[in-house]
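Before any comments, here is the structure.
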Amino acid sequence: MQSNLKDNVVFASPKNEEERAFVAGACVRKLGIKFPAVLDGFENTTEKAYTGWPDRLYLIDRNGKVAYKSPPGPFGFKPDDLKAALERVVPGKVVTELQKSEVGLQK
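Add 140 to the 1-based position in the sequence shown for this note's numbering, that's all there is to it.
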């Protein structure tokens, strides 16, 4: 992918969980991702369960239910929609500027 070349994020396909974790960690650091990242197993059970392609953002509530599912990304990502969903899931809590920046809600 051209953007991966530009950002110098190019790796061979990992052969085991350890290599996969290394690649994921390198991508998180290199791309400056500020929100927590979770590593799916080689069976890709999470990807299969949540239709990981095309890319989407998910918000899972405290009961393990999908509270928000974005339109396909990256062009479908709407930070204000995610913010509204966060405020619905955690009513009465003010989302601080620091918290917003940690989940990529600042413009």
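Ideal Cβ placement from N, Cα and C applies to all residues, glycine included.
Nearest-angstrom Cβ-Cβ length linking residue i and residue j, presumed shorter than 8 Å
i: P154; j: V163; result: 5 Å
i: L197; j: V229; result: Contact doesn't hold; Cβ gap of about 13 Å is too wide.
i: D195; j: P212; result: 7 Å
Helix, strand or coil at residue i according to DSSP, with G and I counted as helix
i: N188; result: It is worth fixing the name first, because residue 188 is Lys in this sequence and not Asn. Helix.
i: K209; result: strand
i: L179; result: coil
i: L199; result: strand
i: K146; result: helix
i: K247; result: Residue confidence for K247 is low, a pLDDT of 46 falling below 50, so the modelled location carries little weight; the figure read from the coordinates is stated next. Correct three-state label for K247: coil.
i: A152; result: coil
i: V230; result: coil
i: G165; result: helix
i: P214; result: coil
i: K174; result: coil
Sequence-distant residues of its chain with Cβ nearer than 6 Å to residue i (five each side left out)
i: A152; result: none
Beta-carbon proximity of residue i to residue j, cut-off 9 Å
i: L226; j: Y208; result: yes
i: F182; j: E157; result: yes
Neighbourhood of residue i by C-beta, 8 Å cutoff - its chain only, sequence neighbours within 5 removed
i: P214; result: D195
i: D221; result: Y208 and S210
Own chain partners of residue i with C-beta closer than 7 Å, once the 5 adjacent residues on each side are dropped
i: A161; result: L179
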